[in-house]
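A.B. asks:
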Amino acid sequence: SLGNGNGGGGGGSIGPARYLDFSLGSNPSEFQSILDEMQNEIESVGREIVEMVDLQDPKAFQHCDWKYCSCHEFRRRFRGDTVWSREREGGVEW
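All letters in the sequence shown, in the order written, are residues 8 to 101 by our numbering.
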C-alpha cells in the first residue's frame with residue numbers, strides 16, 4: 008500500500024525494507040511464480056495511485072520523511088492549508 012504518513016499517501020503501510028537478492032527459482036515454473044508475484048505487487052501499487060488521484064483531494068496524499076524522497080520538499084511550494092499536514096506538539100508540521 009502507498010502509506011499512512013510514513014510513506015506515500017492512502018491508508019496502508021509501506022512496511023520494512025526487503026532484501027531483494029534472492030534465488031529466481033530452480034526451474035522455469037518457480038521463476039514464473041516469482042515474476043507473477045512481483046507483477047501483482049506492481050499492479051497493486053498502480054491501482055492505489057489511480058484511486059488516490061481519482062479522489063481529486065490534495066489532502067489525501069500524506070508525505071513521507073524519507074531522506075531520499077523529495078515529496079516533503081515539494082510541499083513547501085503549496086499553501087499550508089491546501090495539503091495534508093501532520094499535527095505535532097507545539098503546532099503543525101509541514
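Here a beta-carbon is modelled for each residue, glycine too, at the ideal position from N, C-alpha and C.
What does the alpha-carbon distance come out to for the pair Leu-42 and Lys-66?
C.D. replies: By one-based count along the sequence shown, residue 42 stands at place 35. By one-based count along the sequence shown, residue 66 stands at place 59. Computed Cα separation, rounded: 34 Å.
A.B. asks: Can you give the Cα-Cα distance for Ser-36 and Ile-49, rounded to whole angstroms?
C.D. replies: Numbered from its first residue, the sequence shown carries residue 36 at position 29. Numbered from its first residue, the sequence shown carries residue 49 at position 42. Going by the C-alpha atoms only, they are around 20 Å apart.
A.B. asks: Here's the rule I'm using: 16 or more other beta-carbon atoms within 10 Å means buried, otherwise exposed. How should Phe-85 be labelled?
C.D. replies: Sequence index remark: in the sequence shown, residue 85 carries index 78 (1-based). With fewer than 16 Cβ atoms within 10 Å of its Cβ, Phe-85 is classed as exposed.
A.B. asks: For Phe-81, does the count of other Cβ atoms within 10 angstroms reach 16, so buried, or fall short, so exposed?
C.D. replies: Position 74 of the sequence shown, counted from the first residue, corresponds to residue 81. Classification of Phe-81: exposed, given that the 10 Å Cβ count is below 16.
A.B. asks: For my contact list, Gln-69 and Trp-91 are in at a C-beta cut-off of 8 Å; report their separation, rounded to the angstrom.
C.D. replies: In the sequence shown, residue 69 corresponds to position 62, counting from 1. In the sequence shown, residue 91 corresponds to position 84, counting from 1. Rounded, the Cβ-Cβ distance is 5 Å, consistent with contact.
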